[in-house]
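What follows is one structure encoded as structure tokens, with my remarks underneath.
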Amino acid sequence: MKWVGLIAVLFTGGLLLSAMDDFPNWGDAHSPANASPVSQYFIEKTIEDSGVPNMVTAVLADYRSYDTMFETVVVLIAGIAIMAILRVGNQIPRGARPAPVSAPASVNDDHQDIIIGTTCRLLIPVLQLFAFYVIAHGHHSPGGGFQGGVVLGTSFILAAIAKGLDPALERLPETRYVKIAFVGVVIYSAFGVACLLLGENFLDYGVLSVLLPTIDAAEARSHSMLGVEVGVAFTVSAIMFAIYANLASKGELEGGL
Amino acid sequence: MGETFKANVIDHFNFWVAVVLMMIGLYAMITKNNLIKKLIGMSIFQTAIILFYVSAGVKDGATIPILEHHAAETEQVEAGEHVEGHPVANHEAHAINPDDYSNPLPHVLMLTAIVVGVATLGVALAVTQVIYKNYGTLEEDEILAKIKAAENDG
Numbered sequence: 214m215k216w217v218g219l220i221a222v223l224f225t226g227g228l229l230l231s232a233m234d235d236f237p238n239w240g241d242a243h244s245p246a247n248a249s250p251v252s253q254y255f256i257e258k259t260i261e262d263s264g265v266p267n268m269v270t271a272v273l274a275d276y277r278s279y280d281t282m283f284e285t286v287v288v289l290i291a292g293i294a295i296m297a298i299l300r301v302g303n304q305i306p307r308g309a310r311p312a313p314v315s316a317p318a319s320v321n322d323d324h325q326d327i328i329i330g331t332t333c334r335l336l337i338p339v340l341q342l343f344a345f346y347v348i349a350h351g352h353h354s355p356g357g358g359f360q361g362g363v364v365l366g367t368s369f370i371l372a373a374i375a376k377g378l379d380p381a382l383e384r385l386p387e388t389r390y391v392k393i394a395f396v397g398v399v400i401y402s403a404f405g406v407a408c409l410l411l412g413e414n415f416l417d418y419g420v421l422s423v424l425l426p427t428i429d430a431a432e433a434r435s436h437s438m439l440g441v442e443v444g445v446a447f448t449v450s451a452i453m454f455a456i457y458a459n460l461a462s463k464g465e466l467e468g469g470l
Numbered sequence: 002m003g004e005t006f007k008a009n010v011i012d013h014f015n016f017w018v019a020v021v022l023m024m025i026g027l028y029a030m031i032t033k034n035n036l037i038k039k040l041i042g043m044s045i046f047q048t049a050i051i052l053f054y055v056s057a058g059v060k061d062g063a064t065i066p067i068l069e070h071h072a073a074e075t076e077q078v079e080a081g082e083h084v085e086g087h088p089v090a091n092h093e094a095h096a097i098n099p100d101d102y103s104n105p106l107p108h109v110l111m112l113t114a115i116v117v118g119v120a121t122l123g124v125a126l127a128v129t130q131v132i133y134k135n136y137g138t139l140e141e142d143e144i145l146a147k148i149k150a151a152e153n154d155g
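Set out below in structure tokens:
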């Protein structure tokens, strides 16, 4: 079996490597991918169209905003799927369940937690503040909704790892993080629907400038990008924590690792 | 053969790395018996694809795809003082050169691919947890043996 796999892998790799002569050289600015009119357009016109210097954010949240919107939906569906998969056949009444194996006393001892607890108390607010910076500053520096959302979700995961899942779930219970995840998608699609209602295409933000008379179409695009990034960050942060909380507790949301 | 092959590897080393990583991941996915090891292989495979795309967007001497907007604006104002009355020509002189910025499109595509990777990995881990709960093992051959035994019993 191993030999069959090895031969298949070597054959596939050999096919790809044999085509290597036709690939563009490393760093070739005029390779087909880099010289394509689409990429050139993004680099040249982003600042004109929306005034956003970070092209990656502009392409993500404006030019390819359909992709990003359904990307967010994919993340949401993945989180819901994890909850569903882990809970199928789990409908044993709470009392009939075998008692969870309690951790050794030394682990639960609060006096052991001083260093970890203090570190987390200092680290988590900084992490969350940094997450907001990454989300809000995504127009001008590397960042955006996905990155900031992951940092924000990580801060909750850190709390769950350091203090146990139950205290973390007290702060962010399941009813709340599921709501946050859905609100993120709703925020994103609300921007699209608002454009539709104002007579433009779905997610064509330029028309939103009529809502705020002081800004022009390019600024409307810039601000709408921030809005949809916030929606993305809501969903991603909630689902990151949901994935951890459910995987760490086999979907039972108690005890944890 | 020797020299051209060497030149081929040096000019395309990013693609060679991506293909070799992809082969490692594919080998792990095909031959490993443990489901978690298969998932590790899947992650290596995804990383190879991400490296492939991002390295395809690299341009020699180019910077990250974020415009140096403040510097460009002040330059334009300063230059505008010298050549007044020719704003169009001035604008042309400071037009954005696509060769100065690496290709943003692969970055965007891979940003979303990373997120999908996390989502698929999470779902896959959930499925492996359920498999472990039902079969008590993550070794593929043991699971198959248990399924066959259950079929024969039924």
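Chains as they are written, first to last, in the working numbering: chain A, 214 to 470; chain B, 2 to 155.
For glycine and all other residues, C-beta sits at the position ideal for the given N, C-alpha and C.
Amino acids of chain B, ordered along the chain, whose beta-carbon sits closer than 8 Å to that of residue i
{"i": "T448/A", "result": "Correct list: empty, because the minimum Cβ distance to chain B is about 10 Å."}
{"i": "T281/A", "result": "T113"}
{"i": "G218/A", "result": "Y28, I31, T32"}
{"i": "L460/A", "result": "G123, L126, A127, Q130"}
{"i": "L299/A", "result": "A127, Q130, V131"}
{"i": "L273/A", "result": "V109, L112, T113"}
{"i": "R277/A", "result": "V109"}
{"i": "M214/A", "result": "T32"}
Inter-residue Cα distance where the pair is residue i and residue j
{"i": "G330/A", "j": "L371/A", "result": "11 Å"}
{"i": "V443/A", "j": "K33/B", "result": "41 Å"}
{"i": "T64/B", "j": "G356/A", "result": "16 Å"}
{"i": "C408/A", "j": "I428/A", "result": "16 Å"}
{"i": "R300/A", "j": "V21/B", "result": "39 Å"}
{"i": "N247/A", "j": "S103/B", "result": "8 Å"}
{"i": "A294/A", "j": "V124/B", "result": "7 Å"}
{"i": "N459/A", "j": "L122/B", "result": "13 Å"}
{"i": "S319/A", "j": "D379/A", "result": "Reliability fails at S319/A, whose pLDDT of 48 lies under 50, so the model's placement of it is uncertain and the value that follows must be treated cautiously. About 18 Å."}
{"i": "F369/A", "j": "R384/A", "result": "9 Å"}
{"i": "E257/A", "j": "D100/B", "result": "10 Å"}
{"i": "V391/A", "j": "K463/A", "result": "17 Å"}
{"i": "P250/A", "j": "P107/B", "result": "14 Å"}
{"i": "M296/A", "j": "Q130/B", "result": "12 Å"}
{"i": "T75/B", "j": "A96/B", "result": "Caution applies to T75/B, whose pLDDT of 49 falls short of 50 and renders its modelled position unreliable; the model cannot decide the point."}
{"i": "A271/A", "j": "G405/A", "result": "16 Å"}
{"i": "A49/B", "j": "R389/A", "result": "36 Å"}
{"i": "E152/B", "j": "T367/A", "result": "44 Å"}
{"i": "I456/A", "j": "V18/B", "result": "31 Å"}
{"i": "M23/B", "j": "G155/B", "result": "41 Å"}
{"i": "S56/B", "j": "A242/A", "result": "12 Å"}
{"i": "M268/A", "j": "F283/A", "result": "20 Å"}
{"i": "L416/A", "j": "Q253/A", "result": "22 Å"}
Neighbouring residues, chain A, relative to residue i (Cβ below 8 Å)
{"i": "M43/B", "result": "Those do not exist, as M43/B stays about 14 Å from chain A at its closest Cβ, beyond 8 Å."}
{"i": "I97/B", "result": "I256, E257, I260"}
{"i": "D154/B", "result": "What D154/B touches in chain A: nothing, since even the nearest Cβ is about 19 Å away."}
Contact set for residue i: own chain, Cβ-Cβ below 6 Å, skip 5 residues either direction
{"i": "G361/A", "result": "A344, V347, I348, A446"}
{"i": "P105/B", "result": "P66"}
{"i": "P386/A", "result": "none"}
{"i": "L273/A", "result": "T281"}
Contacts of residue i in chain B (Cβ-Cβ under 7 Å)
{"i": "Q253/A", "result": "P99"}
{"i": "I295/A", "result": "G123, V124, A127"}
Own chain residues within Cβ distance below 8 Å of residue i, not counting five before or after
{"i": "P266/A", "result": "T259, I260, H352, H353"}
{"i": "E143/B", "result": "Y136"}
{"i": "N414/A", "result": "C408"}
{"i": "E69/B", "result": "none"}
{"i": "T332/A", "result": "A375"}
{"i": "P245/A", "result": "P237"}
{"i": "S44/B", "result": "G26, G118, L122"}
{"i": "G58/B", "result": "S103, N104, P105, L106, P107, H108"}
{"i": "Y54/B", "result": "P107, L110, M111, A114"}
7 Å CB neighbourhood of residue i in its chain, flanking five on each side removed
{"i": "I51/B", "result": "M111, A114, I115"}
{"i": "L480/A", "result": "The question about residue 480/A has no answer, for chain A in this structure spans 214 to 470."}
{"i": "S437/A", "result": "F404, Y418, L421"}
{"i": "I393/A", "result": "F447, A451"}
{"i": "R434/A", "result": "D262, S263, D275, Y418, G419"}
{"i": "V364/A", "result": "L340, F343, A344, V347"}
Proximal residues of chain A, C-beta to C-beta of residue i below 7 Å
{"i": "N9/B", "result": "M233, D234"}
{"i": "G58/B", "result": "A246, N247"}
{"i": "F16/B", "result": "M233, F236"}
{"i": "N104/B", "result": "A246, N247, S252"}
{"i": "A120/B", "result": "V287, V288, A291"}
Residues that residue i contacts on chain A, provided the C-beta gap is smaller than 9 Å
{"i": "L68/B", "result": "I256, T259, I260, V265, P266, N267, M268"}
{"i": "V117/B", "result": "E284, V287, V288, A291"}
{"i": "V55/B", "result": "By Cβ distance, chain A contributes nothing, its closest Cβ being about 11 Å from V55/B, past 9 Å."}
Proximal chain B residues relative to residue i, where beta-carbon distance stays under 9 Å
{"i": "I393/A", "result": "The premise fails here: I393/A is roughly 17 Å from chain B at the closest Cβ pair, so nothing lies under 9 Å."}
(request) Specify whether the segment 112-123 of chain B and the segment 274-290 of chain A touch according to this definition: at least 3 beta carbon pairs, one from each stretch, less than 8 Å apart. (result) Because the criterion of three Cβ pairs below 8 Å is met, the segment 112-123 of chain B and the segment 274-290 of chain A touch.
(request) Please list the segments of the beta strand (DSSP E) lying wholly inside the segment 332-389 of chain A, counting only runs of 3 or more residues, in order along the chain. (result) Within the segment 332-389 of chain A, there are no complete beta strand (DSSP E) runs of at least 3 residues.
(request) Determine contact between the segment 445-464 of chain A and the segment 397-412 of chain A, defined as no fewer than three beta-carbon pairs at a distance below 8 Å. (result) With the cut-off at 8 Å, the segment 445-464 of chain A and the segment 397-412 of chain A touch.
(request) Count the C-beta pairs between the segment 237-256 of chain A and the segment 8-19 of chain B that are closer than 8 Å, then say yes if the count reaches three, no if not. (result) Under the 8 Å Cβ criterion, the segment 237-256 of chain A counts as touching the segment 8-19 of chain B, having at least three qualifying pairs.
(request) Jot down the residue ranges of each uninterrupted alpha helix (DSSP H) in the segment 11-39 of chain B, minimum 4 residues, whole runs only, in chain order. (result) Here the runs fully enclosed are 14-32.
(message) I want to know whether the segment 33-48 of chain B touches the segment 138-152 of chain B - three or more CB-CB distances under 8 Å.
(response) Enough Cβ pairs lie closer than 8 Å, so yes.
(message) Quick check: the segment 447-457 of chain A against the segment 280-292 of chain A, are at least 3 beta-carbon pairs closer than 8 Å?
(response) Touching, yes, given that three or more Cβ pairs across the two stretches are closer than 8 Å.
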